[in-house]
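Student: Numbering (our numbering), first residue to last: 175 to 304.
Below are the structure tokens for one structure; questions will follow.
Okay, here's the thing in structure tokens:
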């Protein structure tokens, strides 16, 4: 993570007041660091549901992928079995079959870490295995 990338760092930390300050200063809710990781990607990775909800409410794009690896918030949540975050993102129309740069889907990420709750959730929402 870029040490000077305040909004992404706030997403990592689940720090809604810091995100609000950065947005008030003119930062874009979808601003990414050098790898294209946004506050939403970091919040999903860490399982910060309240922060994910806040960012989406502020207009964060749920399917915006990281510039370098093509990872999505849904894939990150599923890889770490944050089923509550994954469900919320799906309810916000996240694409359950969106592929990363490495051709991986959220279901593949969930399967790679045996994230059973997310595997079940994704299959219920028509995710495909390949």
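Note that CB positions come from ideal geometry on N, CA and C, so glycine has one too.
1) Only counting runs of 4 or more residues, tell me where the alpha helix (DSSP H) segments fall wholly within the segment 198 to 281, in order along the chain.
2) In whole angstroms, what is the alpha-carbon distance linking residue 266 and residue 226?
3) Using CA coordinates, which residue listed in 240, 280, 270 and 180 is at the minimum distance from residue 200?
4) In terms of residue numbering, what span does the alpha helix (DSSP H) encompassing residue 300 cover?
5) Any beta carbon from chain D within less than 8 angstroms of residue 252's own beta carbon?
6) Let me know the secondary structure DSSP gives residue 189 once reduced to three states.
7) Which same chain residues, not among the five before or five after residue 260, have their C-beta less than 7 angstroms away from its C-beta?
8) Do residue 186 and residue 220 count as a contact pair if the criterion is CB distance below 8 angstroms?
9) Buried or exposed: residue 254, going by 16 or more other Cβ atoms within 10 Å of its Cβ?
10) Is residue 179 helix, strand or coil by DSSP?
Tutor: On the basis of the data shown:
1) The segment 198 to 281 contains, as complete alpha helix (DSSP H) runs of 4+ residues, the segments 213 to 220, 223 to 231, 247 to 253 and 257 to 265 (chain order).
2) Working through the chain shown from its first residue, we reach residue 266 at position 92. Working through the chain shown from its first residue, we reach residue 226 at position 52. Their backbone Cα atoms lie some 11 angstroms apart in a straight line.
3) Counting from 1 along the chain shown, the entry for residue 200 is found at position 26. The shortest C-alpha to C-alpha distance from residue 200 to any of 240, 280, 270 and 180 is the one to 180.
4) Indexing the chain shown from 1 puts residue 300 at position 126. Per DSSP, residue 300 belongs to no alpha helix (DSSP H) and is neither H nor E.
5) Any reference to chain D falls outside this structure, which holds one protein chain only.
6) As a position in the chain shown, residue 189 is number 15, starting the count at 1. Coil, per DSSP.
7) Here residue 260 is taken as the residue at index 86 of the chain shown, counted from 1. Hits under 7 angstroms: 248, 251, 252, 292 and 295.
8) Numbered from its first residue, the chain shown carries residue 220 at position 46. Numbered from its first residue, the chain shown carries residue 186 at position 12. Yes, Cβ-Cβ distance for residue 220 and residue 186 is below 8 angstroms.
9) Counting from 1 along the chain shown, the entry for residue 254 is found at position 80. By the 10 Å Cβ count, residue 254 comes out buried.
10) The residue you call residue 179 lines up with position 5 of the chain shown. Looking at residue 179 - three-state DSSP - the assignment turns out to be coil, as it is neither helix nor strand.
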